[in-house]
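Asks: Under UniProt numbering, read the sequence shown as residues 1 to 460, first letter to last.
Before anything else, here's the structure in question.
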Amino acid sequence: MEGFMRIARPLNQLLRPFDENKQPFPFVWTAAADEAFRELRNRLTEPPILSFPNMHTLFIVKPDARNISIGGVLVQIRDGRESVIAYASRGLQGAELNYGAPEREALANMFCCRQWRHYLLGSSVFLRVIQTDHKPNLAMQENKLANKRIEKWALKLQEYGLQFLHKEGKSHTDTDTVSRLPVPRQVEHSTDTGAPLCQHCFLPSDGSTPLRSGFDAAVAGVKVIEAKSAPTQAIVPFLEKVQRSEPTEVEVKDVFEYLQKKSLPEDLQRRRTVLAQESLFELRDGLLYRFSDESKQLYVPAHLRETVVVMHHNHPMAGHVATKKLTARLLTEFWWPGLRNDVRSWVYKCRPCQERRAQAPQRNPQTVPVPIQPFQKVSIDVKGPLPTSRRGNRFVLVITCALIRWAETFALPEVPAWVVAKILFEEIICRYGFIEELVSDRGTNFLSEIVRELLTLIKV
């Protein structure tokens, strides 16, 4: 929908959990919100203005940025005219509000390409065009960038095979409309709750079927089942069950009773806890809500928590996501004490998840070849330097049989290569027989020429 963010802004403001002073934002249906709601309803019931994408035709991305928002339009050329495939826009967040114009424009390029990645990379046409009214954007194609952030985005955009084209701002009005998100300076309060309007918000006022014109021939062989009621009625039984239930946790129950009856518990510590947490909760129509940093969360009683988790994890459209993603998904709408532990336990016990999770490959344990006779395989090493003994020795040469673990030790003042070769020959080979394998840490005295000559003579 063209200009959706601009039209829906008064409605989005009503969903904010906190105002500029970090106080709970009051939900007051205003004249601006009422007008926005009616406008969106009318737009949704009009025939579509978007076209189906042709994956064998060139895609043109037309991004744009403003002080508080970015957006774009994806188009294709049909019969010499531009056909709109999709609109997209969002507000700038956090540090993005501090970006300069070049960074905002580059961010808009990145946002649009990510938003329509499936179209751009799924097209059989290798070339994709970005049409921009910001001439410095052309430097992203030529890699002539001094800004590290923009340079990083330019590297990420290389996979799309983009060709940047400049278009004058006065001719770039279609994208400008999407990216402009004016902030209302004054909100007029209204006593109209909007309830009569909500009863019919999902059906046209004249009773006609939406999106009918232009598609009769395409859907002539399809049996259409018309909706009898609004989609939101599916969630009404769940909310009624929540309303009929009371919190079971002591800390939540105390807050619930305080908001409902203005009664505090007798225990002093529990009373302090309630007064400290009272500003984080709101009781509306029998439903307890908790305010978080980014959303307003509905408290779910204990006997309904499994239903919530199943719908967000086991449902065919949920995708059996992992613990971290499932927790983040639930916290956008719901809350209860110990939610993270419950989610972790549920995912761990989910049989399809455990059957499909990546398993370590089955392999035979690695084994070390075992010698078949003593001193067939010998290990040699030097310990030291150690404190000098009364005889002047500072090193210990250790030779060990790999089969029976018999160790021979020799105290030495120094460990030159010729001494190692002499001891190995006189004390090991002459006493226990020829060895077939010698294991060492490849020290210089073990790799010396004289030791190599000795091992060559005994064919090691």
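For each residue, glycine too, the CB sits at the ideal point set by N, CA and C.
Just so you know, these numbers come straight off a predicted model, no measurement behind them.
1. Use the C-beta contact count for Val451: other C-beta atoms within 10 angstroms, 16 or more gives buried, fewer gives exposed.
2. In terms of residues, what are the limits of the alpha helix (DSSP H) holding Tyr87?
3. Distance, Cα to Cα, Ala154 vs Arg356?
4. For the putative contact between Tyr258 and Val274, defined by C-beta atoms under 8 Å, what is the C-beta separation to the nearest angstrom?
5. Are the CB atoms of Leu326 and Gln297 within a distance shorter than 8 Å?
6. Compare the Cα-Cα distances from Phe256 to each of Val242, Arg270, Glu282 and report the closest residue.
7. Should Ala411 and Ser379 be called a contact, given that it needs their Cβ atoms to be closer than 8 Å?
8. Are the CB atoms of Pro316 and Val242 within a distance shorter than 8 Å?
9. By alpha-carbon positions, which one of Arg344, Val415, Leu288 ends up nearest to Asn445?
10. Which two residues bound the contiguous alpha helix (DSSP H) that contains Cys401?
11. Do Val129 and Val61 have their beta-carbon atoms positioned less than 8 Å apart in this structure?
12. In angstroms with no decimal places, state the Cα-to-Cα distance between Phe52 and Asn341.
13. With three or more C-beta pairs closer than 8 Å as the rule, is the region 416-433 touching the region 387-401?
14. Do you know whose CA, among Glu278, Phe238, Glu240, lies nearest Val252's CA?
15. Are the CB atoms of Phe291 and Leu304 nearer to each other than 8 Å?
16. Does DSSP put Pro374 in a helix, in a strand, or in coil?
17. Glu168 to Val28, Cα distance in whole Å?
18. Please classify Trp116 as buried or exposed, where buried requires at least 16 neighbouring CB atoms within 10 angstroms.
19. Is Ser69 helix, strand or coil by DSSP?
20. Should Arg104 be labelled buried (16 or more other beta-carbon atoms within 10 Å of its own) or exposed?
21. Which of the three DSSP states, helix, strand or coil, is assigned to Leu165?
22. Check the DSSP bridge columns for Arg290 and list the partner residues they point to.
23. Please work out which residues of its chain come closer than 7 Å, Cβ to Cβ, to Val222, disregarding the five sequence neighbours upstream and downstream, and give them in chain order.
24. Compute the beta-carbon to beta-carbon distance between Asn137 and Phe111, rounded to the nearest angstrom, for a pair I have assumed lies under 8 Å.
25. Please specify which runs of the alpha helix (DSSP H), each continuous and at least 4 residues long, are wholly inside the region 337-371, giving them in chain order.
26. Would Gly71 be called buried (16 or more neighbouring beta carbons within 10 Å of its own) or exposed?
27. Cβ atoms of Leu457 and Leu438: under 8 Å apart, would you say?
28. Quick check on Pro365: buried or exposed, where buried means 16 or more other Cβ atoms within 10 Å of its Cβ?
29. Can you tell me where the beta strand (DSSP E) with Leu438 in it begins and where it stops?
30. Can you say whether Phe59 is buried or exposed, counting buried as having 16 or more other CB atoms within 10 angstroms of its CB?
31. Select from Arg351, Tyr432, Leu288 the residue whose C-alpha is nearest the C-alpha of Ile404.
32. For Ala33, I'd like the list of residues in its chain whose CB is within less than 7 Å of its CB, leaving aside the five on either flank, ordered along the chain.
33. From the DSSP output, in three-state form, read off Trp335 for me.
34. Rounded to whole angstroms, what is the Cα-Cα separation between Arg329 and Trp336?
35. Would you call the CB atoms of Ile85 and Leu50 closer than 8 Å?
Replies: Taking the structure as given:
1. buried
2. Boundaries around Tyr87 are those of the beta strand (DSSP E), 81-91, since no alpha helix (DSSP H) includes it.
3. A direct Cα-to-Cα measurement between Ala154 and Arg356 gives close to 38 Å.
4. 5 Å
5. no
6. Glu282
7. no
8. No. Outside cutoff.
9. Val415
10. Counting along the chain, Cys401 falls outside any alpha helix (DSSP H), though it belongs to the beta strand (DSSP E) covering 395-401.
11. yes
12. So the alpha carbons of these two residues sit roughly 45 Å apart.
13. yes
14. Glu278
15. no
16. coil
17. 42 Å
18. buried
19. strand
20. buried
21. strand
22. Phe281, Gln297
23. With a pLDDT of 45 at Val222, under the threshold of 50, the modelled position of that residue is not reliable, and the figure given next carries that caveat. Result list for Val222: empty, nothing under 7 Å.
24. Phe111 and Asn137 do not touch by the CB rule: their CB atoms are close to 13 Å apart, not below 8 Å.
25. Runs of the alpha helix (DSSP H) inside the region 337-371: 339-349, 351-356.
26. buried
27. no
28. exposed
29. 437-439
30. buried
31. Measuring from the Cα of Ile404, the nearest candidate turns out to be Tyr432.
32. Pro10, Leu11, Leu14
33. strand
34. Straight-line Cα distance between these residues: approximately 14 Å.
35. yes
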